[in-house]
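*Asks:*
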Amino acid sequence: MHHDRPTSSSLLEPPPREGLKLVLIGLLTFGATLLLILLSLAPAAQP
31 MHHDRPTSSS LLEPPPREGL KLVLIGLLTF GATLLLILLS LAPAAQP
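In this text, residue positions in the sequence shown follow our numbering: the first is 31, and each later residue adds one.
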């Protein structure tokens, strides 16, 4: 028996809003990591 459920396929694909949220979270974590690296390297660079 073959059942075609549009809901199952829609559940697999995240809505555009979820995608934007994931992108924003990724950018925030990337920026935070860069800030931490810069802050940790700044004191070492100064004599």
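Glycine residues also receive a C-beta, built at the ideal position from the N, C-alpha and C atoms. Note that this is a predicted model, so its numbers are computed, not measured.
Check whether the Cβ of residue 56 lies closer than 8 Å to any Cβ atom in chain C.
*Replies:* The chain inventory of the structure shown lacks chain C, comprising one protein chain alone.
*Asks:* Rounded to the nearest angstrom, what separates residue 49 and residue 61 at their Cα positions?
*Replies:* Stepping through the sequence shown from its first residue, residue 49 is reached at position 19. Stepping through the sequence shown from its first residue, residue 61 is reached at position 31. Rounded to whole angstroms, residue 49 to residue 61 spans 18 Å at the Cα level.
*Asks:* Pull up the distance between the alpha-carbon of residue 69 and that of residue 47, whole angstroms please.
*Replies:* Position 39 of the sequence shown, counting from 1, holds the residue named residue 69. Position 17 of the sequence shown, counting from 1, holds the residue named residue 47. Each residue's alpha carbon lies about 33 Å from the other.
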